[in-house]
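Working notes for the structure below.
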Amino acid sequence: MRPSPGRPRAVRRVGLVTRHSHPDAVALSQRLERELKGRGIKVLHDAESSAALGRPGGVARWEIARSVDLVVTLGGDGTIISVARHPAPGVPILGIDVGTLGFLTSCRPSEYEPLLDACLLGRATVEKRRLLTVSVREGTGRAHRHRVVNDAVLGKSALSRIASIRVAVAGKTVLRYRGDGLIVSTPTGSTAYNLSAGGPILDPTMPALVLSPICPHALTLRPLVLPDSVTLDLSVENDPRDVFLTLDGQEGVPFGSRSRVEIRRSRRVVLLARMPGRTFFDVLKDKLSFGGERENGTA
């Protein structure tokens with residue numbers, strides 16, 4: 030989609046979020062800072078990158094989108110997810126791929142200049158990605174809410190027994206998964222852990238979610254695609270010790286005997302700046318050799 034008609038949003042402040050352990054990402058961040066300041070734009074760094082660069086201050090990643098008009102990430106998908114989990118209305122994210130996979134990132138380091146120009150002018154093509162809200166409650170206690178871009182995973186540790194996971198939709202039990210765990214994925218996350226576990230690839234703009242069992246104990250347990258209008262309730266029916274809920278691979282929550290998880294579509298969306306003319310199938314072909322052919326036409 031393109032921005033709505035009318036006066037483009039002025040970009041006066043840009044947040045730079047950098048994979049500070051990667052020298053190429055740090056060098057590109059310093060270059061971008063010089064370019065942006067030369068245009069009279071204020072630059073804010075995330076706190077982790079500021080500390081690694083030996084600079085005081087910086088803004089926490091969970092709030093940087095609220096402080097700027099545009100966020101630029103320099104790293105891989107993990108870097109962009111750390112920001113996308115905390116979106117701000119109307120603030121797009123331009124992800125420059127200084128990583129390995131880069132399903133979420135917008136472009137390579139050699140391609141960013143025209144896309145950055147379009148973002149600064151408010152003319153960039155942006156894509157809405159749906160998020161999930163994950164609420165964790167222990168017994169009758171207060172629910173702790175989290176937001177995920179890719180997935181929420183209920184999984185056991187290496188030495189624990191088979192987990193029996195109950196899934197209810199609208200309060201009615203519809204499934205029981207027995208195995209090593211269960212992945213609840215957004216369409217965006219369908220090319221992440223879900224894909225490795227044998228789940229389907231979804232177009233990332235679809236209004237859906239995927240349930241994919243991890244090493245299921247029965248051949249009849251297969252991935253399931255549901256509309257994202259449903260609300261899921263998850264619980265572990267046998268001993269839940271050594272079972273953890275992992276959110277986007279970045280946050281872990283231990284599971285107790287009275288723990289319950291509710292998963293529903295978030296009211297928030299994240300806006301990702303996209304390269305004009307580059308489709309999701311182009312990304313699949315580039316990253317996964319999707320379709321069985323590479324660029325040179327050989328298998």
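Our numbering applies: residue 30 is where the sequence shown begins, and numbers increase by one.
Even glycine gets a Cβ: it sits at the ideal position worked out from N, Cα and C.
Closest in alpha carbon position to ARG293, among SER214, THR154, VAL43 and LEU149, is SER214.
With a cutoff of 9 Å on beta-carbon distance, VAL254 and LEU263 are scored as not near each other.
Non-local beta-carbon contacts of VAL312 in its own chain, meaning distances under 7 Å to residues more than five positions away in sequence, involve PHE132 in chain order. Across the set VAL259, ILE93, SER286 and PRO216, the C-alpha of SER286 shows the shortest separation from the C-alpha of ARG270.
Three or more Cβ pairs closer than 8 Å define a contact, and the region 197–217 meets that threshold against the region 227–243. If you keep only unbroken alpha helix (DSSP H) runs of at least 4 residues inside the region 34–91, you get 52–67 and 76–81.
Closest in alpha carbon position to VAL163, among LYS185, PHE319, LEU276 and THR234, is LEU276. By the neighbour-count definition (other C-beta atoms within 10 Å, threshold 16), ASN179 is a buried residue. In the DSSP assignment, VAL112 falls outside any beta strand (DSSP E) and within the unbroken alpha helix (DSSP H) covering 106–113.
VAL40 has its alpha-carbon roughly 8 Å from the corresponding atom of GLY151. Annotation for LEU313: the continuous alpha helix (DSSP H) segment containing it runs 309–317. With fewer than 16 other Cβ atoms inside 10 Å of its own Cβ, VAL198 counts as exposed. Residues of the same chain with a CB within less than 8 Å of the CB of VAL203, apart from the 5 flanking positions on each side, are VAL196 and ALA197 in chain order. Residue environment: HIS49 is assigned as buried (16 or more neighbouring CB atoms within 10 Å of its CB, all protein chains considered). In the three-state reduction of the DSSP assignment, LEU149 falls in the helix class. DSSP lists ILE125 as the beta-bridge partner residues of CYS136.
In the DSSP annotation of this structure, the continuous segment of the alpha helix (DSSP H) that includes LEU224 starts and ends at 222–225. Here PRO229 carries a coil assignment [DSSP, helix/strand/coil]. For TYR222, the closest alpha carbon among the candidates GLY124, VAL182, ARG251 and TYR206 is that of VAL182. Beta-carbon to beta-carbon, GLY87 and ALA76 are separated by about 4 Å, close enough to satisfy the 8 Å threshold. Distance from the CA of ARG159 to the CA of VAL299, rounded to the nearest whole angstrom, comes to 7 Å.
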